[in-house]
Amino acid sequence: MNTADKSIATVKTFFGLFKAGSTFSDVEPFLHPEATLQILPLTLKAPKRNRQEVIPFWKEQVGIFKKFEITPLHVFASADGSHVHTKAKSKGETKNGTPYGQEYSITIELRDGLIYKIEEFVDSLYSAQFFAKAKL
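My numbering puts the sequence shown at residues 1178 to 1313.
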């Protein structure tokens, strides 16, 4: 398996861990010590989060769901495997029964085989409206 294929496999495994009820302890080994997450577009005013902030953030976000999964649809890697890009979708249901579905365009930079930087583009109008109602 070449480096690009290894990077794609890492990213697919990583996304497979995003499930309702997760403590995200199984996600931590995938993250580089200097990992960051930036949710875009910038009009959402989401702060850039470092590795220590990412896990609690994901736990809070996914914690409102009784069902949640994210599925990478089209996954591409740079020839050297340093960057992976995917279009993805999520599907879920909150604990009070509200359905959720989001589309993403995600670029991930890897260093030393670990996830170093995540830039996650979301449907900003849907996200703002959904999470405002969810009181997050």
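For each residue, glycine too, the CB sits at the ideal point set by N, CA and C.
Quick one: measure Cβ to Cβ for A1327 and G1269, integer angstroms, because I've assumed they're closer than 8 Å.
Since the displayed the chain opens at 1178 and closes at 1313, residue 1327 lies outside it and no answer follows.
Please go through the same chain and pick out, in chain order, the residues whose beta-carbon is closer than 7 Å to the beta-carbon of F1307, but skip the five residues on each side of it.
Y1277
So, are the CB atoms of E1286 and S1259 less than 8 Å apart?
yes
Cβ neighbours of L1313 in the same chain (closer than 6 Å, five flanking residues each side left out)
Unreliable positioning characterises L1313 in this predicted model, as indicated by a pLDDT of 49, which lies under 50. The coordinate reading is nonetheless provided below. Excluding positions up to five away in sequence, the list is empty.
In whole angstroms, what separates the C-alpha of H1251 from that of K1310?
30 Å
Pair within 8 Å by beta-carbon distance, L1217 and F1298:
yes
Cα-Cα separation, I1292 to F1207:
6 Å
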